[in-house]
Amino acid sequence: MSLEAYERFVYGACHLYDDDPVDSWNKVHAFQQRIVDYLNKVEYVHYKGSNMDIGFSVKGRTWINSDGKNNMPSGEVFSAPVEDSVNGKIRFSYPSIYMGQEVEDISLEVSNGEVVKWSAARGQRLLDEIFSIEGARRFGEVAIGTNREITRFTKNILFDEKIGGTVHLAVGQSYFHCGGLNKSSIHWDMIADMKDDGEIYADGNLIYRMGEFLI
14 MSLEAYERFV YGACHLYDDD PVDSWNKVHA FQQRIVDYLN KVEYVHYKGS
64 NMDIGFSVKG RTWINSDGKN NMPSGEVFSA PVEDSVNGKI RFSYPSIYMG
114 QEVEDISLEV SNGEVVKWSA ARGQRLLDEI FSIEGARRFG EVAIGTNREI
164 TRFTKNILFD EKIGGTVHLA VGQSYFHCGG LNKSSIHWDM IADMKDDGEI
214 YADGNLIYRM GEFLI
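Under the working numbering, the sequence shown has 183 at position 170, and the numbering climbs by one with no breaks.
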């Protein structure tokens with residue numbers, strides 16, 4: 014993007030072109046709070062799609078409404094999974110950036126909370142190095158992006174993890190205010206698109222399909 018185009022992108026992501034940006038963020042808060050209130054009564058969440066089939070317990074954990082008060086741009090709901098509960102497979106359709114290095118097409122297989130197999134189309138060596146770090150093969154965050162003004166991937170995680178119609182999981186350090194217990198020197202967000210065929214189930218109930226909440 015040109016500097017002018019990027020300026021429009023950033024301002025748009027922050028709702029600054031809206032007639033009343035404060036009101037827009039208040040609406041984001043209200044929408045996400047409804048989602049958070051629902052998820053905070055749930056014990057088990059399952060992400061499903063052509064690139065994923067992975068579930069985890071959030072029993073006793075807290076979902077947080079990221080609505081622009083502590084992070085800008087914002088637009089996500091997130092929590093910390095029970096550490097040994099994550100099971101399944103997932104392929105992350107967006108490139109993942111860590112310390113300025115790009116890793117493409119990451120696929121993970123997880124058993125009882127631990128990443129047991131991993132691969133990448135590009136950046137395999139970095140992925141191997143990361144997963145040799147203590148705590149990096151367990152998950153510290155699960156999240157759902159909701160910001161529809163972020164319409165493209167820019168390799169800036171502050172924006173990319175908020176893309177509406179995506180989910181992300183972070184390997185490594187947990188957010189303790191969510192109740193997470195995993196400790197690690199890294200926290201690496203990995204993003205997957207849900208807009209084509211993604212579904213989210215909460216305690217067996219379909220609550221999200223193809224990038225849209227149904228609740």
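For glycine and all other residues, C-beta sits at the position ideal for the given N, C-alpha and C.
(request) Determine, using beta carbons only, whether residue 162 and residue 28 come nearer to each other than 8 Å. (result) For the purposes of this step, residue 162 is taken as the residue at position 149 of the sequence shown. For the purposes of this step, residue 28 is taken as the residue at position 15 of the sequence shown. Going by C-beta atoms, residue 162 is nearer than 8 Å to residue 28.
(message) Among 132, 16, 113, whose alpha-carbon lies nearest the alpha-carbon of residue 144?
(response) Counting from 1 along the sequence shown, the entry for residue 144 is found at position 131. Here the closest residue by C-alpha is 132.
(request) Measure the C-alpha to C-alpha separation of residue 129 and residue 104 and round it to an integer number of angstroms. (result) On the sequence shown, residue 129 is found 116 positions in, with the first residue counted as 1. On the sequence shown, residue 104 is found 91 positions in, with the first residue counted as 1. Those two C-alpha atoms are separated by around 14 Å.
(message) Check this for me: beta carbons of residue 149 and residue 184, under 8 Å apart or not?
(response) Translated into positions along the sequence shown, residue 149 becomes position 136. Translated into positions along the sequence shown, residue 184 becomes position 171. One thing to note: residue 149 has its Cβ within 8 Å of the Cβ of residue 184.
(message) Am I right that residue 36 and residue 106 are in contact with their C-beta atoms under 8 Å? What's the rounded C-beta distance?
(response) Position 23 of the sequence shown, counted from the first residue, corresponds to residue 36. Position 93 of the sequence shown, counted from the first residue, corresponds to residue 106. Rounded, the Cβ-Cβ distance is 33 Å, inconsistent with contact.
(request) Excluding the 5 residues preceding and the 5 following residue 61 in the sequence, name in chain order all residues of the same chain whose CB lies nearer than 6 Å to its CB. (result) Numbered from 1 along the sequence shown, position 48 holds the residue referred to as residue 61. Only 212 meet the Cβ criterion.
(request) Could you tell me which residues DSSP pairs with residue 206 in its beta bridges? (result) The residue you call residue 206 lines up with position 193 of the sequence shown. Answer is 179.
(message) One question on the structure: do residue 50 and residue 101 come within less than 8 Å of each other, judged by their Cβ atoms?
(response) Position 37 of the sequence shown holds residue 50. Position 88 of the sequence shown holds residue 101. No, these two residues do not count as a Cβ contact at 8 Å.
(message) Just checking: is the beta-carbon of residue 193 within a distance shorter than 8 Å of some beta-carbon in chain D?
(response) Absent from the structure is chain D; it holds one protein chain and no more.
(request) Specify the secondary structure class of residue 91 as computed by DSSP and reduced to three states. (result) Numbered from its first residue, the sequence shown carries residue 91 at position 78. Looking at residue 91 - three-state DSSP - the assignment turns out to be strand.
(message) Applying the 10 Å Cβ sphere with the 16-neighbour rule, what's the burial state of residue 228?
(response) Locating residue 228 in the sequence shown gives position 215, counting from the first residue. Exposed, by the Cβ-count rule.
(message) Taking the straight line between their C-alpha atoms, what separation do you get for residue 199 and residue 186?
(response) As a working mapping, residue 199 is identified with position 186 in the sequence shown. As a working mapping, residue 186 is identified with position 173 in the sequence shown. Their backbone Cα atoms lie some 6 Å apart in a straight line.
(request) Compare the C-alpha of residue 225 against each of 45, 194, 141 and name the closest. (result) Here residue 225 refers to the residue found at position 212 when the sequence shown is read from its first residue. Checking every option, the nearest Cα to that of residue 225 belongs to 45.
(request) May I have a chain-ordered list of the beta strand (DSSP E) segments no shorter than 3 residues that lie completely inside the stretch 20 to 93? (result) 57 to 62, 65 to 70, 77 to 79, 89 to 92
(message) Please tell me whether residue 43 and residue 193 are closer than 8 Å, where the distance is taken between their beta carbons.
(response) Here residue 43 refers to the residue found at position 30 of the sequence shown. Here residue 193 refers to the residue found at position 180 of the sequence shown. At a Cβ-Cβ threshold of 8 Å, residue 43 and residue 193 do not count as neighbours.
(request) Measure the alpha-carbon distance for residue 135 versus residue 118 and round it to whole angstroms. (result) As a position in the sequence shown, residue 135 is number 122, starting the count at 1. As a position in the sequence shown, residue 118 is number 105, starting the count at 1. Going from the Cα of residue 135 to the Cα of residue 118 covers about 7 Å.
(request) In the DSSP assignment, find the unbroken alpha helix (DSSP H) run with residue 135 in it and report its ends. (result) Here residue 135 corresponds to residue number 122 of the sequence shown, with the count starting at 1. Under the DSSP assignment, residue 135 falls outside any alpha helix (DSSP H); it carries neither an H nor an E label.
(message) Give me, in chain order, the residues of the same chain whose beta-carbon lies closer than 8 Å to that of residue 115; leave out the 5 immediate sequence neighbours on both sides.
(response) Residue numbering aside, residue 115 sits at position 102 when the sequence shown is read from its first letter. Excluding sequence neighbours, residue 115 sits near 108, 109, 135, 136, 168.
(request) List the DSSP bridge partners of residue 114. (result) In the sequence shown, the residue the question calls residue 114 occupies position 101. According to DSSP, residue 114 bridges with 111.
(message) Need the endpoints of the alpha helix (DSSP H) that residue 172 sits in, please.
(response) Stepping through the sequence shown from its first residue, residue 172 is reached at position 159. Start and end: 170 to 173.
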